[in-house]
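Residue numbers (the UniProt record's numbering), protein chains in the order written: chain A, 1 to 469; chain B, 1 to 469.
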């Protein structure tokens with residue numbers, strides 16, 4: 001029996017669930033007789049009254065029926081009002097895809113190389129907790145106030161000023177919208193600008209949720225390869241010419257999963273190409289601040305003057321993922337419908353999270369935290385690469401981000417390696433997840449951000465050994 | 001000049017904006033010559049270098065061009081990449097609609113009867129601020145943790161237990177999803193279950209954002225009138241039979257804007273009808289806890305046994321709007337695609353807000369706060385009704401909610417009354433906003449929740465007088 005309900009009085013729900021699960025799994029089929037109250041009470045070691053109460057609720061819910069005054073029988077299930085197979089909705093397809101990845105994430109593992117998340121022990125939890133009280137002192141009516149749809153004005157202006165200072169490019173607070181996570185930004189853009197059968201260019205490989213989002217709007221996906229030296233721009237121009245894409249979703253800085261970065265000269269050309277073919281560039285800059293030896297090139301959006309680039313930037317990922325803090329920067333003509341879509345989507349982010357972030361964003365502690373975090377992540381990366389050096393596997397050492405993109409030998413099946421790995425409490429993500437055409441069968445993504453050095457060393461040794469078995 | 005930038009170094013951006021606004025408003029047209037640097041510097045009382053810097057940035061951004069080496073001229077505007085008129089996207093239509101309402105909300109008024117929000121001074125701000133620190137002590141890694149897509153398990157289970165206790169109906173934590181506001185729930189449902197040209201039944205009158213959301217998915221809207229005694233169920237059955245609607249979006253408890261409540265016997269029949277015609281019922285229960293003399297009827301979803309009802313319930317509205325806390329309760333077959341859509345939408349609500357709410361939800365203080373709040377709101381309602389009693393206007397005194405739905409004399413134009421009211425710093429919402437067919441021309445919604453008794457008395461006296469002028 002589960003341990004959901006500590007309260008004895010709720011035991012009968014566990015009995016209820018027990019029966020429902022058996023009916024659901026077809027272990028007990030339509031018109032089968034249920035065990036008698038006495039039998040089930042003994043089997044589950046609960047009071048008979050508990051079982052009786054559960055049976056009565058099952059009857060009320062039309063899951064079972066009564067015959068011969070005493071016997072309980074499995075009811076013919078009523079057809080569900082929502083027939084998933086006939087829903088004809090791309091969301092359902094996305095759901096299946098998502099399940100593949102979330103199954104990996106949900107597996108109980110000791111060596112977690114599948115989550116591109118930062119180890120909570122590297123984050124300033126204690127400091128932040130103390131900080132929050134101060135935020136409430138500064139904004140006593142914080143919890144009773146709605147944010148505007150676009151986000152807190154103070155925060156938007158302060159972020160605009162940050163971008164101006166950092167990149168010497170003019171950004172106004174009105175061109176900034178606060179998001180509850182970058183994924184929301186991708187969703188907003190897709191919802192606003194993508195109609196069924198529009199073409200969307202994505203990088204190959206690409207962050208899987210982005211593919212799901214564009215596919216869920218009925219977009220036709222056309223991939224362009226991303227390599228350690230960027231894109232083949234001739235090929236990109238050819239795609240733009242031929243397919244007239246509505247937008248190109250790109251992660252040119254420490255691409256997920258590869259860690260590759262598009263060089264500065266290509267960034268300028270990208271903007272020119274996009275303007276020429278009237279293709280929006282949706283630049284997702286999730287890992288910008290996680291660099292190692294040197295700062296990455298400035299974002300593509302800084303080369304834009306006419307409103308071609310929609311810029312998404314994450315902040316909370318490497319400070320406090322629990323805050324869900326990202327932003328979108330774009331031209332007024334694009335912002336207007338996005339704000340409208342956001343209004344209908346969730347009416348804006350909670351003000352609390354915005355003000356907490358604002359306070360921290362302005363503190364010296366942020367810079368100190370980032371400096372330390374970069375070093376910690378670089379060391380973890382180097383430990384992982386140290387182990388990989390003992391193999392014939394190939395990878396391009398990234399200058400930032402959270403992942404290594406590793407090519408195994410062609411004959412290795414990453415699926416069977418994953419099964420073996422999971423059985424040994426190790427997780428990673430097979431390459432196909434990042435490609436709608438399911439290539440990259442001999443590639444895997446290894447995240448070095450979630451496990452510490454010791455676990456990285458042990459886990460990598462095990463994977464390498466499993467691969468040789 | 002605005003007061004955006006306190007920093008002198010940013011003055012040039014104000015100059016920049018000044019020019020952009022004049023070009024945008026066509027005050028300065030294409031190929032017009034801009035004022036000389038000297039002229040504008042004098043006009044705006046800023047340094048000439050500041051103007052020069054702004055002009056240079058305008059040039060860089062292709063807003064102006066230089067001729068004869070010294071003159072600056074307005075550039076032919078480049079076509080925007082996003083042509084709203086040709087976007088052919090229902091979101092844009094919704095935007096126009098939304099603007100009508102948000103213009104009213106944004107007007108600077110002293111007597112605010114347009115916002116169906118609770119006066120922040122009635123909310124437990126100070127208490128909550130102290131509370132939050134405790135939450136961090138209980139969950140030290142709160143800010144470094146993602147919530148699951150569906151929401152925090154502890155919170156979901158505790159809400160399920162609450163519903164079981166309150167309504168004696170079986171709800172499992174798995175049937176609960178945490179939302180960042182109810183509007184997100186409507187959006188999720190619409191996005192998952194509505195295809196273009198599907199029929200959606202709404203109440204007339206109805207919460208305007210809900211209409212916008214369903215229309216933005218291309219739904220065909222069919223209204224059913226809601227009256228102080230509920231719906232005409234024969235008429236509803238006729239609609240269901242004829243239009244085969246995908247869903248019926250209803251707010252049967254203290255409907256917004258009317259405050260009307262659908263009686264218990266109709267609730268049971270509604271579920272039967274919906275099952276018969278395989279029409280989902282989306283029950284939005286935003287004001288359930290704001291009742292006056294007696295508790296409202298139990299929610300429609302408690303009469304559902306097969307998964308016909310999707311139940312939305314708001315909590316934060318009358319505790320801490322800044323938290324954005326609502327939930328959706330539904331059958332497993334409906335929850336599955338909703339979770340998938342939510343994953344793509346924003347990947348779940350921030351954990352921080354959920355844990356803060358959880359702590360408060362379990363405290364005795366919540367009940368005490370609600371008891372006090374109900375009395376305070378009832379008093380405000382009675383003050384407003386006291387003033388209305390001096391007129392020939394008609395309304396049905398509601399037993400809960402935040403609004404009075406008032407019928408003025410037929411000859412009154414609510415639009416012109418609104419213009420006059422706004423000029424006297426009074427706001428309300430004209431009835432047409434709540435009806436896609438723009439009926440209710442002589443009705444208005446007056447919210448008594450945002451202004452205190454004194455302001456209600458003064459403001460109502462003024463409106464009544466304006467109406468007689």
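All residues carry an ideal CB built from backbone N, CA and C; glycine is no exception.
Since this is a predicted model, take the numbers as computed values, not measurements.
* Are the C-beta atoms of residue 13 (chain A) and some chain B residue less than 8 angstroms apart? -> Closer than 8 angstroms to some Cβ of chain B, the Cβ of residue 13 (chain A) qualifies, so yes.
* Asked: At what residues does the beta strand (DSSP E) containing residue 534 (chain B) begin and finish?
  -> Residue numbering for chain B in the displayed model covers 1 to 469; residue 534 (chain B) lies beyond these limits and cannot be assessed.
* Given that residue 479 (chain B) touches chain A, what residues does it touch there, using C-beta distances under 8 angstroms? -> In the structure displayed, chain B extends from 1 to 469; residue 479 (chain B) sits before or after that span and is not available.
* CB of residue 239 (chain A) within 8 angstroms of CB of residue 202 (chain A), strictly -> Pairing residue 239 (chain A) with residue 202 (chain A) gives a Cβ-Cβ distance that is not under 8 angstroms.
* To do: Output, in chain order, the set of chain B residues within a Cβ distance shorter than 8 angstroms of residue 305 (chain A).
  => Residues of chain B with a Cβ closer than 8 angstroms to the Cβ of residue 305 (chain A) are, in chain order, 60, 61, 62.
* Hey, residue 359 (chain B) and residue 403 (chain B) are a contact pair by Cβ (cut 8 angstroms); roughly how many whole angstroms apart? -> Not quite, the Cβ-Cβ distance comes to about 31 angstroms (not below 8 angstroms), so this is no contact.
* Run the CB neighbour count on residue 279 (chain A), radius 10 Å, all protein chains shown included, and call it buried at 16 or more, exposed below. => Residue 279 (chain A) should be labelled buried.
* Between the stretch 177-194 of chain A and the stretch 341-351 of chain A, are three or more C-beta pairs nearer than 8 angstroms? -> In the pairwise beta carbon analysis, the stretch 177-194 of chain A is classified as touching the stretch 341-351 of chain A: at least three pairs are separated by under 8 angstroms.
* Asked: When DSSP labels each residue in this structure, what does residue 112 (chain B) get in the three-state scheme?
  -> Residue state, collapsed to three classes: strand.
* Would you report the Cα separation of residue 208 (chain B) and residue 132 (chain B), rounded to the nearest angstrom? -> Going by the C-alpha atoms only, they are around 34 angstroms apart.
* Please report the residue range of the alpha helix (DSSP H) in which residue 201 (chain A) lies. => Element bounds for residue 201 (chain A): not the alpha helix (DSSP H) but the beta strand (DSSP E), 199-204.
* To do: For the beta strand (DSSP E) containing residue 283 (chain A), list its first residue and its last residue.
  => Per DSSP, residue 283 (chain A) belongs to the beta strand (DSSP E) from 280-285.
* If we ignore side chains and look at the alpha-carbon of each, how far apart do residue 115 (chain A) and residue 290 (chain A) end up? -> In this structure, the straight-line span from the alpha carbon of residue 115 (chain A) to that of residue 290 (chain A) is close to 16 angstroms.
* Quick one: residues in its chain with C-beta nearer than 8 angstroms to the C-beta of residue 101 (chain A), no 5 flanking neighbours on either side, listed in chain order? => 208, 429, 433.
* Asked: With which residues is residue 310 (chain B) paired in a DSSP beta bridge?
  -> Looking at the DSSP assignment, residue 310 (chain B) forms a beta bridge with B:282.
* Who are residue 248 (chain A)'s beta bridge partners in DSSP? -> Partner(s): A:201, A:281.
* Determine the contact status of residue 159 (chain B) and residue 176 (chain B), defining contact as a CB-CB distance below 8 angstroms. => The Cβ atoms of residue 159 (chain B) and residue 176 (chain B) lie closer than 8 angstroms to each other.
* What did DSSP end up calling residue 379 (chain A) once you bin it into helix, strand or coil? -> Helix, per DSSP.
* Asked: Which bits of chain A does residue 475 (chain B) rub up against, with CB to CB less than 8 angstroms?
  -> With chain B covering 1 to 469 only, the question about residue 475 (chain B) has no answer from this structure.
* To do: Answer yes or no: does any C-beta atom of chain A fall closer than 8 angstroms to that of residue 285 (chain B)?
  => With 8 angstroms as the cut-off, residue 285 (chain B) does not count as an interface residue toward chain A.
* Asked: Looking at the structure shown, is residue 21 (chain B) part of a helix, part of a strand, or coil, going by DSSP?
  -> Of the three classes helix, strand and coil, the one that applies to residue 21 (chain B) here is helix, per DSSP.
* To do: Let me know the beta strand (DSSP E) ranges lying completely inside the stretch 212-241 of chain B, each 3 residues or longer, listed in chain order.
  => Listed in chain order, they are 220-225.
* **C-alpha distance - residue 464 (chain A) paired with residue 261 (chain A), whole-angstrom precision** => Computed Cα separation, rounded: 28 angstroms.
* Identify the continuous alpha helix (DSSP H) that holds residue 360 (chain B) and give its terminal residues. => Its alpha helix (DSSP H) spans residues 351-361.
* **Cutoff 8 angstroms: residue 223 (chain A) Cβ touching any chain B Cβ** => Not one chain B Cβ lies under 8 angstroms of residue 223 (chain A).
* Asked: How is the alpha helix (DSSP H) around residue 189 (chain B) delimited, first residue to last?
  -> Under the DSSP assignment, residue 189 (chain B) falls in the alpha helix (DSSP H) whose first and last residues are 182-193.
* **Complete alpha helix (DSSP H) runs within the UniProt domain "HTH gntR-type" (9-77) of chain B (minimum length 4 residues, chain order)** => At a cut-off of 4 residues, the continuous stretches assigned as alpha helix (DSSP H) that sit fully inside the UniProt domain "HTH gntR-type" (9-77) of chain B are 11-24, 37-44, 48-60.
* Following the continuous beta strand (DSSP E) through residue 404 (chain B), name the residue where it begins and the one where it ends. => Taken as a continuous stretch (DSSP letters only), the beta strand (DSSP E) holding residue 404 (chain B) covers 403-407.
* Please name the residue, chosen from B:324, B:155, B:172, B:396, that lies closest to residue 332 (chain B) on a Cα-to-Cα basis. => Nearest in C-alpha terms to residue 332 (chain B), of all of B:324, B:155, B:172, B:396, is B:172.
* To do: Starting from the C-beta of residue 237 (chain B), find all residues in its chain whose C-beta is less than 7 angstroms away, skip the five residues before and the five after it, and write them out in chain order.
  => Contacts found: 273.
* Asked: What in chain B is Cβ-close to residue 114 (chain A), meaning under 7 angstroms?
  -> Under the 7 angstroms cutoff, chain B gives no residues; its nearest Cβ is about 14 angstroms from residue 114 (chain A).
* **CA-to-CA distance, residue 449 (chain B) to residue 113 (chain B), given in whole angstroms** => Going by the C-alpha atoms only, they are around 8 angstroms apart.
* **Of the listed residues A:181, A:204, A:205, A:222, nearest to residue 197 (chain A) (C-alpha basis)** => Selected option, being the one with the closest Cα: A:222.
* In the DSSP assignment, find the alpha helix (DSSP H) that holds residue 156 (chain A) and state where it starts and stops. => Element bounds for residue 156 (chain A): 153-167.
* Could you pull the start and end residues of the beta strand (DSSP E) that residue 324 (chain B) belongs to? => Premise fails: residue 324 (chain B) is in no beta strand (DSSP E) and is neither H nor E.
* Asked: For residue 347 (chain B) and chain A, any beta-carbon pair shorter than 8 angstroms?
  -> With its beta carbon less than 8 angstroms from one in chain A, residue 347 (chain B) belongs to the interface.
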